[in-house]
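Number of protein chains: 2
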Amino acid sequence: MRAGRPRASSRDVLAEAACELFLEQGFEATSIADIARRAGVSRSSFFNYATSKAGLLWAPFDERSAVLADLLDAPGHPLDAVLRSAVLTFAEGLRPDALALAIANADAMGMAADLERESAVRMARIASTIATGARRGGRDGLSADIAGAAYAGAVMSALRHWALAGPGTRALRDVLADALDALPGAVS
Amino acid sequence: MRAGRPRASSRDVLAEAACELFLEQGFEATSIADIARRAGVSRSSFFNYATSKAGLLWAPFDERSAVLADLLDAPGHPLDAVLRSAVLTFAEGLRPDALALAIANADAMGMAADLERESAVRMARIASTIATGARRGGRDGLSADIAGAAYAGAVMSALRHWALAGPGTRALRDVLADALDALPGAVS
DNA sequence: GCTATTGTTGGACGCGATCCAAAAAAGATC
DNA sequence: GATCTTTTTTGGATCGCGTCCAACAATAGC
Chain H
1 MRAGRPRASS
11 RDVLAEAACE
21 LFLEQGFEAT
31 SIADIARRAG
41 VSRSSFFNYA
51 TSKAGLLWAP
61 FDERSAVLAD
71 LLDAPGHPLD
81 AVLRSAVLTF
91 AEGLRPDALA
101 LAIANADAMG
111 MAADLERESA
121 VRMARIASTI
131 ATGARRGGRD
141 GLSADIAGAA
151 YAGAVMSALR
161 HWALAGPGTR
171 ALRDVLADAL
181 DALPGAVS
Chain D
189 MRAGRPRASS
199 RDVLAEAACE
209 LFLEQGFEAT
219 SIADIARRAG
229 VSRSSFFNYA
239 TSKAGLLWAP
249 FDERSAVLAD
259 LLDAPGHPLD
269 AVLRSAVLTF
279 AEGLRPDALA
289 LAIANADAMG
299 MAADLERESA
309 VRMARIASTI
319 ATGARRGGRD
329 GLSADIAGAA
339 YAGAVMSALR
349 HWALAGPGTR
359 ALRDVLADAL
369 DALPGAVS
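Which chain is which? The protein sequence lines are H and D, in order. Counting along the first sequence from 1, when you hit position 172 you're at 172 in my numbering, and nothing is skipped either side. Count along the second sequence from 1, then add 188; that gives the number in my numbering.
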């Protein structure tokens with residue numbers, strides 16, 4: 001066992017409490033103190049589990065994004081097939097339950113504006129990650145940027161469709177695979 | 189002449205003052221009060237010219253984005269050629285002087301993180317705008333999202349390259365035209 | 001028990017952003 | 001030129017986010 005005081009809660013508990021409150025009062029009207037109180041921890045402790053109110057639901061996504069970056073940082077020339085498999089691996093370990101709930105109930109939660117901001121940041125981050133990978137694969141800067149953006153668009157589109165259809169319906173990986181299949185020919 | 193008290197400043201003046209301070213002290217260390225003071229207006233008045241500290245430099249870009257949305261909202265089926273010309277029109281009226289300065293001096297200004305966030309939001313917004321246009325042009329949702337993201341990636345990549353090369357070097361429109369030429373074949 | 005380690009807690013702080021009522025500066029009307 | 005209307009400015013108040021820190025609590029290993 002690891003030494004030290006055990007954690008009093010978990011990020012999932014925090015995220016669940018947050019979703020409840022977002023549904024009851026809306027995103028804006030819910031303060032960090034509210035979330036912490038419902039989860040049974042102090043406001044200070046909230047920041048041991050998440051860096052911000054908006055980032056709380058995106059934590060699983062961000063962790064997988066770091067994995068994606070590592071995959072594309074490995075030696076070897078990332079061809080299109082490598083990019084595709086890396087993105088699929090990224091999606092396989094991804095289980096963004098609370099985030100899916102938020103996407104599906106964005107209007108009821110008053111989260112449309114926040115989701116736009118936060119998903120935009122993630123999309124750009126993935127685009128940049130893939131672009132640097134594509135550059136290492138020999139592409140010039142411009143088409144690498146475009147390819148990265150296209151891949152990132154496919155990822156976010158798949159995430160949204162998967163969440164709207166209900167996470168139980170299909171595996172996120174499969175939805176994303178379909179999206180990646182649509183990549184060639186999307187810009188003709 | 190229009191009735192009422194005349195404006196005491198302008199957004200450009202505010203943006204210029206902001207850039208100076210960002211270079212001197214860094215973005216984080218510069219408060220809105222600082223910017224307003226240097227521009228000779230009160231802190232309250234700052235919000236008559238910009239909605240936020242981060243948005244100040246992006247105001248010209250946002251105005252042209254609204255124009256782009258209007259162009260793609262016009263009747264008629266937006267084919268690829270229409271998308272392309274709309275995006276070029278968007279860029280022609282765009283004169284983001286302060287923004288270009290910030291992009292070129294992002295490190296010296298300590299604006300890397302902020303630029304990532306703000307440009308991500310703009311990129312996603314353009315992607316969404318173009319995606320809805322592409323949908324109206326007959327594409328299915330998925331490839332419309334991908335095409336929108338690819339176009340948006342080209343726009344932001346062109347903006348960055350144009351700013352880094354120095355705004356006097358080439359017209360933004362021409363840089364963007366090259367980027368749009370790279371669209372087909374970027375995802376092969 | 002003692003110590004090292006890890007987490008929790010409350011409080012204080014600065015800043016971004018919103019809101020509002022009061023005041024100031026212009027044109028319009030007579 | 002006095003008054004009215006319109007537009008903008010201004011200061012102050014308020015709220016919440018996010019950071020920082022010192023004190024305290026709980027666990028493992030010795």
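The beta carbon of each residue, even a glycine, is placed where N, CA and C say it ideally should be. This one's a predicted model, so the numbers in the text were calculated from it and none came from an experiment.
Item	Value
Mapping DSSP to helix, strand and coil, what is SER240 of chain D?	coil
Under 8 Å: do the stretch 243 to 256 of chain D and the stretch 278 to 286 of chain D share three or more Cβ pairs, one atom per stretch?	yes
Could you tell me which chain H residues have their CB closer than 9 Å to the CB of ILE314 of chain D, listed as they occur along the chain?	What ILE314 of chain D touches in chain H: nothing, since even the nearest Cβ is about 10 Å away.
Taking C-beta pairs closer than 9 Å, name the residues in chain H that GLN304 of chain D reaches, listed in chain order.	A small fix is needed here, since residue 304 of chain D is Glu in this sequence, not Gln. Going along chain H in sequence order, the residues near GLU304 of chain D (Cβ under 9 Å) are VAL121, ALA124, ARG125 and SER128.
Would SER345 of chain D count as contacting chain H if we go by Cβ distances under 8 Å?	yes
Is the Cβ of ASP333 of chain D closer than 8 Å to any Cβ of chain H?	yes
Which whole-angstrom value is the C-beta distance of LEU72 of chain H and ALA86 of chain H, which I expect to be below 8 Å?	6 Å
Using a Cβ-Cβ cutoff of 8 Å, what residues of the stretch 273 to 296 of chain D are near chain H? List them in chain order.	none
For VAL375 of chain D, go through chain H and note every residue whose CB falls closer than 9 Å to its CB, in chain order.	ASP80, SER143, ILE146, ALA147, ALA150, TYR151, LEU183, PRO184, GLY185, ALA186 and VAL187
For ALA367 of chain D, which residues in chain H fall below 7 Å Cβ to Cβ?	LEU142
Hey, how far is the Cα of ARG327 of chain D from the Cα of ALA315 of chain D?	14 Å
Is the CB of ALA69 of chain H under 8 Å away from at least one CB in chain D?	no
Can you find a C-beta in chain D that's less than 8 Å from the C-beta of ALA154 of chain H?	yes
So which of H:LEU88, H:ILE32 and H:VAL121 has the shortest CA-CA distance to ALA158 of chain H?	H:LEU88
Please classify GLU306 of chain D: is it buried, with 16 or more other beta-carbons within 10 angstroms of its beta-carbon, or exposed?	buried
Within 10 angstroms of its Cβ, does LEU289 of chain D collect 16 or more other Cβ (buried), or is it exposed?	buried
Using a Cβ-Cβ cut-off of 7 Å (strictly less than) and excluding sequence neighbours within five positions of ASP145 of chain H, which residues of its own chain qualify?	ALA131
Rounded to whole angstroms, what's the CA-CA distance from GLY336 of chain D to LEU164 of chain H? Just pull it up for me.	20 Å
Is DSSP giving ALA100 of chain H helix, strand or coil here?	helix
What are the boundary residues of the alpha helix (DSSP H) that includes ASP250 of chain D?	247 to 261
Which whole-angstrom value is the C-beta distance of ILE103 of chain H and ARG173 of chain H, which I expect to be below 8 Å?	Not really, about 17 Å apart at Cβ, beyond 8 Å.
Starting from the Cα of ALA15 of chain H, find the closest Cα among H:ALA171, H:VAL41, H:LEU68 and H:VAL121 and give me that residue.	H:VAL41
Residues in its own chain within less than 8 Å of ASP178 of chain H by CB, not counting five upstream and five downstream?	ALA158
Identify, in the order they occur along the chain, each residue of the same chain with its Cβ nearer than 6 Å to the Cβ of MET311 of chain D, setting aside the five sequence neighbours on each side.	ALA340 and MET344
Cα separation between GLU212 of chain D and PRO372 of chain D?	43 Å
Only counting the same chain, and skipping five residues up and downstream in sequence, which positions put a Cβ closer than 7 Å to that of ALA300 of chain D?	ALA294
Buried or exposed for GLY192 of chain D, please, with buried defined as at least 16 other CB atoms from any protein chain shown within 10 angstroms of its CB.	exposed
Out of D:ARG272, D:ASN236 and D:LYS241, which has the shortest C-alpha to C-alpha gap to GLY321 of chain D?	D:ARG272
Less than 8 Å between the C-beta atoms of ALA370 of chain D and SER143 of chain H, yes or no?	yes
Once the 5 residues before and after TRP246 of chain D are set aside, which same chain residues still bring their CB inside 8 Å of it?	PRO284, LEU287, GLU306 and ARG310
Between D:GLY325, D:ASP200, D:ARG199 and D:ALA257, which has its C-alpha nearest GLY264 of chain D's C-alpha?	D:GLY325
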